[in-house]
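For reference, the structure is listed below as structure tokens.
Residue numbers (my numbering): 7 to 96.
Listed below in structure tokens is the structure:
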């Protein structure tokens with residue numbers, strides 16, 4: 007696995023009150039969330055990038071206001087309404 011390095015000034019750690027390992031893990035998660043949200047990575051690949059099990063990543067999507075289904079809640083409501091109408095006899 008490639009392990010790229012991003013340089014950052016030490017003041018960032020001080021400002022965030024984070025240890026380097028904690029900041030780096032959080033940065034990987036933020037990057038993975040962003041790439042998943044933009045549709046560039048699947049949830050499985052984003053989880054790998056974040057260094058997390060997929061189930062944990064899916065849980066964290068909800069914690070960050072993102073859908074594990076790749077759709078916003080309004081789209082899911084619309085899909086459910088369409089499915090209910092489709093199963094009613096006409």
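Even for Gly, the Cβ is constructed at its ideal location relative to N, Cα and C. Being a predicted model, the structure only gives us computed values, none of them experimental.
Minimum C-alpha distance to residue i - residue among the options
i, options, result
"residue 67", "20, 37, 14 and 17", "37"
"residue 11", "20, 33 and 61", "33"
Between the CA atoms of residue j and residue i - distance to the nearest angstrom
i, j, result
"residue 13", "residue 31", "14 Å"
"residue 91", "residue 45", "29 Å"
"residue 69", "residue 62", "11 Å"
"residue 20", "residue 9", "24 Å"
"residue 60", "residue 35", "12 Å"
"residue 41", "residue 51", "10 Å"
"residue 18", "residue 39", "21 Å"
"residue 83", "residue 89", "10 Å"
Sequence-distant residues of the same chain with beta carbon closer than 7 Å to residue i, five excluded per side
i, result
"residue 64", "49 and 74"
"residue 86", "none"
C-beta contact flag for residue i and residue j at 7 Å
i, j, result
"residue 22", "residue 43", "no"
Neighbourhood of residue i by C-beta, 6 Å cutoff - its chain only, sequence neighbours within 5 removed
i, result
"residue 47", "41"
Taking three-plus beta-carbon pairs below 8 Å as touching, is the stretch 55-64 in contact with the stretch 17-28?
-> The stretch 55-64, when compared against the stretch 17-28, does not touch it at the 8 Å Cβ threshold.
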